[in-house]
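This report concerns only the one structure given below.
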Amino acid sequence: MAYSNSNPVMSQNFWSNIQGYETMSYTGAMQKIGILGGICVASSIASAVVAADAIEAGNGGIVFGLMALGFLGGLVSLLVLLFTRPKNPVPLMSAYAVLEGMLVGSVSLMYSSAYDGIVLQAGLGTLAIFVVMYGLYAARILKATPMFTRIVISLTGGIFILYMMTILLNLFTGMTLPFLHSTGPLGIGISVFILGVASLNLILDFGFIERGVENKSPKVGEWWAALGLLVTLIWIYFEVLRLLSKIRSNMD
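Mapping of the sequence shown onto the numbering used here: residues 3 to 254, in sequence order.
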């Protein structure tokens with residue numbers, strides 16, 4: 003039975019177009035996510051420092067510049083990777099990690115300026131979710147079955163459409179969807195739900211990696227798997243930030 007995944011980086015079509023002789027290993031994929039994740043974290047820290055210095059010097063526009071460059075540059079580099087599938091994807095994947103780090107760093111600085119310690123909490127929360135989901139997957143408590151996969155893909159697609167509608171609505175009308183940004187019980191509940199769906203995508207990612215190992219896919223596939231995991235983890239981090247900010251706003 004064909005295996006599908008809501009993460010476009012981990013679509014089944016990738017394996018049929020990747021050439022190589024050494025085969026994937028699950029450990030290798032985890033090592034690669036460590037490399038890309040480390041690049042992203044280092045970039046985010048550097049970007050946050052640069053942005054903080056710029057704000058102190060009265061150049062707050064640099065923060066939004068970093069945010070825009072990180073978002074647009076990351077999106078473009080990801081699309082190039084998806085559509086060209088280079089034989090050596092590492093340089094472009096590294097660039098993607100740097101650009102996403104710029105986005106993460108600038109966004110984190112904005113949240114940090116409003117809520118002390120929220121970035122550390124979000125980082126630890128993201129790590130905890132990763133460890134828990136990996137534990138649930140390794141123990142076979144959660145499995146990427148066809149039904150499970152279809153449900154998660156459908157929910158993820160719905161969330162993507164909702165976010166795109168929100169962006170377009172804000173871009174052309176300046177309006178937002180109140181329930182999505184509300185700090186009340188409804189808004190917090192929606193954030194918890196979206197975070198849950200984002201976390202479940204890790205199960206699909208782990209399952210896809212395992213399938214690649216079982217099928218003896220080329221070793222370069224470890225980099226594609228790592229990129230897919232990075233995309234999911236960044237999404238989870240942003241959702242944790244949003245949820246914590248809503249909770250903290252009610253406490254202050």
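Glycine included, each C-beta is placed from N, C-alpha and C at the ideal position. The structure presented is a predicted model; accordingly, all values stated were derived computationally and were not measured.
Can you tell me which of the three DSSP states Asn-147 falls into? Taking the first residue of the sequence shown as position 1, residue 147 is located at position 145. Inspection of the sequence shows that residue 147 is occupied by Thr rather than by Asn. In the structure shown, Thr-147 sits in coil (DSSP, three-state: anything other than H, G, I, E or B).
Could you compute how far the alpha carbon of Leu-206 sits from the alpha carbon of Phe-132? Translated into positions along the sequence shown, residue 206 becomes position 204. Translated into positions along the sequence shown, residue 132 becomes position 130. Approximately 13 Å between the Cα atoms of the pair.
Determine the contact status of Gly-127 and Leu-105, defining contact as a CB-CB distance below 8 Å. In the sequence shown, residue 127 corresponds to position 125, counting from 1. In the sequence shown, residue 105 corresponds to position 103, counting from 1. Going by C-beta atoms, Gly-127 is not nearer than 8 Å to Leu-105.
If we count the other Cβ atoms within 10 Å of its Cβ and call it buried at 16 or more, is Gly-107 buried or exposed? Locating residue 107 in the sequence shown gives position 105, counting from the first residue. Buried: at least 16 other Cβ atoms inside 10 Å.
Pair within 8 Å by beta-carbon distance, Leu-101 and Val-82: One-based indexing of the sequence shown puts residue 101 at position 99. One-based indexing of the sequence shown puts residue 82 at position 80. Not closer than 8 Å, so no.
I need the straight-line Cα distance from Glu-216 to Ile-161, nearest angstrom please. Along the sequence shown, one-based indexing puts residue 216 at 214. Along the sequence shown, one-based indexing puts residue 161 at 159. Spanning the two alpha carbons is a distance of roughly 31 Å.
Measuring CB to CB, does Gly-40 end up less than 8 Å from Glu-224? Residue numbering aside, residue 40 sits at position 38 when the sequence shown is read from its first letter. Residue numbering aside, residue 224 sits at position 222 when the sequence shown is read from its first letter. No, Cβ-Cβ distance for Gly-40 and Glu-224 is not below 8 Å.
With burial defined as no fewer than 16 other Cβ atoms inside 10 Å of the residue's Cβ, what is the status of Phe-208: buried or exposed? Your numbering for residue 208 matches position 206 in the sequence shown. The residue in question, Phe-208, is buried, as its Cβ has 16 or more Cβ neighbours within 10 Å.
How is Thr-168 classed by DSSP in three states: helix, strand or coil? The residue labelled residue 168 in the question sits at position 166 within the sequence shown. In the structure shown, Thr-168 sits in a helix (DSSP, three-state: H, G or I).
For Pro-220, the residue or residues it bridges with in DSSP: Numbered from 1 along the sequence shown, position 218 holds the residue referred to as residue 220. Paired residue(s): Thr-25.
Spatial neighbours of Arg-244 within its chain, please: C-beta separation below 6 Å, excluding the five flanking residues on both sides. Taking the sequence shown and counting its residues from 1, one reaches residue 244 at position 242. Correct list, in chain order: Ser-193.
Might you give, ordered along the chain, the residues of its own chain that have their beta carbon closer than 6 Å to the beta carbon of Val-121, omitting 5 neighbours on each side? Position 119 of the sequence shown, counted from the first residue, corresponds to residue 121. Cβ neighbours of Val-121 beyond the five flanking positions: Ser-110, Ser-114.
C-alpha distance - Ile-249 paired with Val-242, whole-angstrom precision: In the sequence shown, residue 249 corresponds to position 247, counting from 1. In the sequence shown, residue 242 corresponds to position 240, counting from 1. Cα to Cα, Ile-249 sits roughly 11 Å from Val-242.
Helix, strand or coil for Asn-203? Go by DSSP, reduced to three states. Position 201 of the sequence shown, counted from the start, is the residue given in the question as residue 203. Three-state DSSP puts Asn-203 in a helix.
State buried or exposed for Lys-145, treating a residue as buried only when at least 16 other CB atoms are found within 10 Å of its CB. Residue 145 sits at position 143 when you count from the first residue of the sequence shown. Result: exposed.
Check Asn-83 in the structure and name its three-state DSSP category. The sequence position of residue 83 within the sequence shown is 81, counting from 1. The displayed chain sequence assigns Leu, not Asn, to residue 83. Reduced to three states, the DSSP call for Leu-83 is helix.
From Tyr-136, Tyr-28, Leu-71, residue whose alpha carbon lies closest to that of Ser-49: As a first step, residue 49 must be located in the sequence shown, where it is residue number 47. For the residues Tyr-136, Tyr-28, Leu-71, the minimum Cα distance to Ser-49 belongs to Leu-71.
For Leu-202 versus Val-154, is the C-beta distance shorter than 8 Å? Within the sequence shown, residue 202 is the residue found at index 200, counting from 1. Within the sequence shown, residue 154 is the residue found at index 152, counting from 1. Their beta carbons are under 8 Å apart, which means Leu-202 touches Val-154 by this criterion.
For Ile-143, is the classification buried or exposed, using 16 other Cβ atoms within 10 angstroms of its Cβ as the cut-off for buried? Here residue 143 corresponds to residue number 141 of the sequence shown, with the count starting at 1. Exposed.
With a CB to CB cut of under 7 Å and the five nearest residues on each side skipped, what residues in its chain are close to Asn-265? Outside the displayed range of the chain (3 to 254) lies residue 265, so it cannot be described from this structure.
Express the C-alpha separation of Trp-237 and Asp-118 in angstroms, rounding to a whole number. The sequence position of residue 118 within the sequence shown is 116, counting from 1. The sequence position of residue 237 within the sequence shown is 235, counting from 1. Computed Cα separation, rounded: 21 Å.
Under the three-state reduction of DSSP, which class applies to Thr-185: helix, strand or coil? Residue mapping note: residue 185 aligns to position 183 of the sequence shown, counting from 1. If DSSP states are grouped into helix, strand and coil, Thr-185 belongs with coil.
Below 8 Å between beta carbons: does that hold for Met-32 and Ser-219? In the sequence shown, the residue the question calls residue 32 occupies position 30. In the sequence shown, the residue the question calls residue 219 occupies position 217. Going by C-beta atoms, Met-32 is not nearer than 8 Å to Ser-219.
Is the beta carbon of Met-135 less than 8 Å from the beta carbon of Leu-179? Here residue 135 is taken as the residue at index 133 of the sequence shown, counted from 1. Here residue 179 is taken as the residue at index 177 of the sequence shown, counted from 1. Not a contact, by the Cβ cut-off of 8 Å.
Restricting to Cα atoms, I'd like to know which of Ala-54, Ala-124, Val-199, Ala-97 is closest to Cys-42. Taking the first residue of the sequence shown as position 1, residue 42 is located at position 40. The residue with the shortest Cα to Cα distance from Cys-42 is Ala-97.
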